[in-house]
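Peer 1:
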Amino acid sequence: MTEVKGIYRFSFGPWNIDEGADPFGPTVRKPVALARKMAAAKKMGFQGMQFHDDDAVPDLDGKTAAQIEKQAKQIKKMLSDHGLVAEFVAPRLWFSPKTIDGAYTSNDPKCRKYAIERSKVCIDIANVLGAKSIVLWLAREGSYIRESKNPRIEVLQIRDAINAMLAYDPKTMILIEPKPNEPVDSAIIPTIGHAVGLSYMTDEPDRVGVLCETAHSILAGLDPSDDMAYALAHRKLRSVHLNDQGGLKFDQDKSFGSYNLRRAFNQVRVLEEYGYGRNGEWIGLDVKTMRTQKQDVNTKHLSNSLATFKFLVQKVRTLNKKLEAQLIAARDYEELDRYLLCHLMGVKY
Ligand code: GLO
Ligand code: MG
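Read left to right, the sequence shown gives residues 12 to 360 (this note's numbering).
1. Indicate, with yes or no, if ligand 2 has a heavy atom lying under 7 Å from the CB of Gly224.
2. Tell me, which residues are paired with Pro255 by DSSP?
3. Taking contact to mean 3 or more Cβ pairs, one atom from each stretch, closer than 8 Å, check whether the stretch 21-37 and the stretch 46-57 are in contact.
4. What are the boundary residues of the beta strand (DSSP E) that includes Phe21?
5. Glu9 and Ala142: beta carbons closer than 8 Å?
6. How far does the beta strand (DSSP E) with Glu224 in it extend, from its first residue to its last?
7. Could you say which of Glu128, Thr183, Leu347 lies nearest to Leu334 if we only look at CA atoms?
8. Quick check on Ile294: buried or exposed, where buried means 16 or more other Cβ atoms within 10 Å of its Cβ?
9. Starting from Ile145 and walking both ways along the alpha helix (DSSP H), at which residues does that stretch end?
10. Since I believe Val132 is in contact with Ile6 (beta carbons under 8 Å), could you give me their beta-carbon distance rounded to a whole number of angstroms?
11. Candidates Lys87, Asp196, Cys122, Ile134: which alpha carbon is nearest Glu158's?
12. Please classify Gly73 as buried or exposed, where buried requires at least 16 other C-beta atoms within 10 Å of its C-beta.
13. Quick one: is the Cβ of Trp26 within less than 7 Å of any heavy atom of ligand 2?
14. Would you tell me roughly how many angstroms separate the C-alpha atoms of Cys353 and Arg328, rounded to the nearest one?
15. Just checking His63 against ligand 2 - is the residue's beta carbon closer than 7 Å to any of the ligand's heavy atoms?
16. Taking buried to mean at least 16 other C-beta atoms within 10 Å of its own C-beta, is Phe35 buried or exposed?
17. Check whether the Cβ of Asp297 lies closer than 7 Å to any heavy atom of ligand 2, and answer yes or no.
18. Assign Glu345 to one of two classes, buried (16 or more other C-beta atoms within 10 Å of its C-beta) or exposed (fewer than that).
19. Where Ser236 and His227 are concerned, what is the direct C-alpha to C-alpha distance, given to the nearest angstrom?
20. Check whether the Cβ of Val308 sits closer than 7 Å to any heavy atom of ligand 1, and report yes or no.
21. Can you round the beta-carbon distance between Ile203 and Ala242 to whole angstroms, since I take them to be within the 8 Å contact cut?
22. How big is the Cα-Cα spacing for Pro181 and Pro216?
23. Is Phe62 helix, strand or coil by DSSP?
24. With contact counted as at least three CB pairs below 8 Å, one residue from each stretch, are the stretch 268-280 and the stretch 237-257 in contact?
25. Exposed or buried, what is Met12 when buried is set at 16 or more other beta-carbons lying within 10 Å of its beta-carbon?
26. Are the CB atoms of Arg129 and Leu104 nearer to each other than 8 Å?
27. I'd like the list of long-range same chain contacts for Ser107, defined as Cβ closer than 6 Å, with 5 residues on each side in sequence excluded.
28. Tell me which same chain residues have a C-beta within less than 7 Å of the C-beta of Leu323, skipping the five on either side of it?
29. Express the C-alpha separation of Ser144 and Val207 in angstroms, rounding to a whole number.
30. Return helix, strand or coil for Trp293, following the three-state DSSP convention.
31. Short of 7 Å in beta carbon distance, which residues of its chain neighbour Tyr285, apart from the five on each side in sequence? Order them along the chain.
32. Alpha carbon to alpha carbon, how far is Gln337 from Gln61? Give it in angstroms, no decimals.
33. So, are the CB atoms of Met362 and Leu313 less than 8 Å apart?
34. Would DSSP call Met12 helix, strand or coil?
35. Measuring only the C-alpha atoms, how far is Lys53 from Ser91?
36. Starting from the N-terminal side, write out each stretch of the alpha helix (DSSP H) that is 4 residues or longer and does not extend beyond the stretch 76-106.
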């Protein structure tokens, strides 16, 4: 594998080694225990893991605060034993019967209250694990028919929920992970632009950032490297979920660069040119095992994505900047296009 000197740290979540179930068929692989996933992470060259609150503390809704803390401490120890750290914890707000109609934006006030209380528990777990941020993937915040909710009020409800989290804990960073659809038909915070805008509406904008996922930008018809650049210009890009996506299909979470290498190159270019990682930001790989993959080779999507990222860092670093500047100055973008393709393909220019 190409070695990359520098500041990048890599992470993924337990859900990224999955059993292959999809809406049309059952699991095709056996579950892998969390400790084995951690061992695999370390072996592949990852430094951290991401969690849903109930990845760390299963069935947490039925547990007392003391039980939750005890279990979270065990996971923290398991991480340390494997030489790993926790990047973030995300409240899984899309599974419970109480979040069928959304979490922070449910039409039922009791359900909205549940979502906020659950998010506070998520912050407690993050603190025990030593994770500096929580991630809000706003899975069910939206609607299946527009008339079912007031979209302006939904935005304010999410703002209020974030404010409640900010008030609950003085340090945790809150990262919004936008996605335009799936599972809901239309999400109320569909893009990075919406998430950045929402962050400024909160009581402490400096503690609210965004997590940009490649596939989610593509599903919104946007270029992920432009989305990342937009968030960077606002100093709001605090994490990424790199993967790939073949156009407007179901959320594929393909291996990074596997569908469109040039688009992947441009994401790495934007991150690298900014110096992403300097302030502890992580490179998360939210990639999914192909359903066809057999049990004993069920982590190749992760090691391949990591290798592709490192390879593309080298491609960014070895780009002939002088030539690039000359071609830009001459406005010869056709030639620039050709040079970039040759560089990526590794053929003589
Ligand atoms: C799904 C999301 C999901 C989140 C994860 C962390 O489309 O990308 O994988 O990243 O649940 O919140
Ligand atoms: Mg994601």
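Even for Gly, the Cβ is constructed at its ideal location relative to N, Cα and C.
Peer 2: Taking the definition as stated:
1. Numbered from 1 along the sequence shown, position 213 holds the residue referred to as residue 224. According to the sequence as given, residue 224 is Glu; it is not Gly. Under cutoff, so the answer is yes.
2. For this step, residue 255 is matched to residue 244 along the sequence shown. The identity of residue 255 in the sequence shown is Asp, whereas the question assumes Pro. BP columns for Asp255 point to Lys265.
3. With the rule of 3 Cβ pairs closer than 8 Å, the stretch 21-37 counts as touching the stretch 46-57.
4. One-based indexing of the sequence shown puts residue 21 at position 10. First-last of the beta strand (DSSP E) with Phe21: 21-23.
5. The structure shown does not extend to residue 9, since the chain is modelled only from 12 through 360, so no value can be given for it.
6. As a working mapping, residue 224 is identified with position 213 in the sequence shown. Per DSSP, the unbroken beta strand (DSSP E) holding Glu224 starts and ends at 219-224.
7. Here residue 334 corresponds to residue number 323 of the sequence shown, with the count starting at 1. The candidate whose alpha carbon is nearest that of Leu334 is Leu347.
8. Against the sequence shown, residue 294 aligns to sequence position 283. Taking all protein chains shown into account, Ile294 has 16 or more neighbouring C-beta atoms within 10 Å of its C-beta and is therefore buried.
9. In the sequence shown, the residue the question calls residue 145 occupies position 134. Careful: Ile145 lies outside any alpha helix (DSSP H), inside the beta strand (DSSP E) at 144-148.
10. Any property of residue 6 remains undetermined from this structure, which presents the chain solely from 12 to 360.
11. In the sequence shown, counting from the first residue as 1, residue 158 sits at position 147. Relative to the Cα of Glu158, the nearest Cα in the group Lys87, Asp196, Cys122, Ile134 belongs to Asp196.
12. Residue mapping note: residue 73 aligns to position 62 of the sequence shown, counting from 1. By the neighbour-count rule (16 or more Cβ atoms within 10 Å), Gly73 is not buried but exposed.
13. What you label residue 26 is simply residue 15 of the sequence shown in a count that begins at 1. Every heavy atom of ligand 2 is 7 Å or more from the Cβ of Trp26, so no.
14. The count along the sequence shown starts at 1 and reaches residue 353 at position 342. The count along the sequence shown starts at 1 and reaches residue 328 at position 317. So the alpha carbons of these two residues sit roughly 15 Å apart.
15. Position 52 of the sequence shown, counted from the first residue, corresponds to residue 63. Outside the cutoff, so no.
16. Mapped onto the sequence shown, residue 35 falls at position 24. Exposure of Phe35 is indicated by the presence of fewer than 16 other C-beta atoms within 10 angstroms of its C-beta.
17. For this step, residue 297 is matched to residue 286 along the sequence shown. Yes; taking the cut-off as 7 Å, the Cβ of Asp297 has a heavy atom of ligand 2 nearer than that.
18. As a position in the sequence shown, residue 345 is number 334, starting the count at 1. Around the beta carbon of Glu345, fewer than 16 other beta carbons sit within 10 angstroms, so the residue counts as exposed.
19. Within the sequence shown, numbered from 1, the residue matching residue 236 stands at position 225. Within the sequence shown, numbered from 1, the residue matching residue 227 stands at position 216. If I take the Cα positions, the gap works out to 12 Å.
20. As a first step, residue 308 is located in the sequence shown; it is residue number 297 there, counting from the start. No; taking the cut-off as 7 Å, the Cβ of Val308 has no heavy atom of ligand 1 nearer than that.
21. Along the sequence shown, read from residue 1 onward, the residue named residue 203 stands at position 192. Along the sequence shown, read from residue 1 onward, the residue named residue 242 stands at position 231. That belief holds up - the Cβ atoms of Ile203 and Ala242 are roughly 5 Å apart, short of 8 Å.
22. Counting from 1 along the sequence shown, the entry for residue 181 is found at position 170. Counting from 1 along the sequence shown, the entry for residue 216 is found at position 205. Spanning the two alpha carbons is a distance of roughly 13 Å.
23. Within the sequence shown, residue 62 is the residue found at index 51, counting from 1. Residue state for Phe62 is assigned as strand, using DSSP reduced to three classes.
24. Yes, the stretch 268-280 is in contact with the stretch 237-257.
25. The count along the sequence shown starts at 1 and reaches residue 12 at position 1. Caution is warranted here: a pLDDT of 48 is assigned to Met12, below 50, making its placement in the model unreliable, and the coordinate value is therefore given only provisionally. Burial state of Met12 is exposed, judged by a 10 Å Cβ sphere holding fewer than 16 other Cβ atoms.
26. By one-based count along the sequence shown, residue 129 stands at place 118. By one-based count along the sequence shown, residue 104 stands at place 93. It is a contact, given that the beta carbons lie within the stated cut-off.
27. Numbered from its first residue, the sequence shown carries residue 107 at position 96. Sequence-distant partners of Ser107 (beyond 5 residues in either direction) whose C-beta falls short of 6 Å from its own C-beta are missing from its chain.
28. For the purposes of this step, residue 323 is taken as residue 312 along the sequence shown, with counting starting at 1. Cβ neighbours of Leu323 beyond the five flanking positions: Gly268, Ala275, Phe276, Val279.
29. Reading the sequence shown from its first residue, position 196 is the one you call residue 207. Reading the sequence shown from its first residue, position 133 is the one you call residue 144. Annotation: Val207 to Ser144 spans about 16 Å, alpha carbon to alpha carbon.
30. Taking the first residue of the sequence shown as 1, we reach residue 293 at position 282. Strand, per DSSP.
31. Indexing the sequence shown from 1 puts residue 285 at position 274. Only Leu243 meet the Cβ criterion.
32. Locating residue 61 in the sequence shown gives position 50, where the first residue counts as 1. Locating residue 337 in the sequence shown gives position 326, where the first residue counts as 1. So the two alpha carbons sit approximately 43 Å from each other.
33. Absent from the structure is residue 362, since the part of the chain shown begins at 12 and ends at 360.
34. As a first step, residue 12 must be located in the sequence shown, where it is residue number 1. Bear in mind that a pLDDT of 48 at Met12, under 50, signals an unreliable position, so the number given afterwards is only what the model happens to contain. Coil at Met12, not helix or strand.
35. Reading the sequence shown from its first residue, position 42 is the one you call residue 53. Reading the sequence shown from its first residue, position 80 is the one you call residue 91. Distance between the alpha carbons of Lys53 and Ser91 is about 11 Å.
36. Listed in chain order, they are 76-92.
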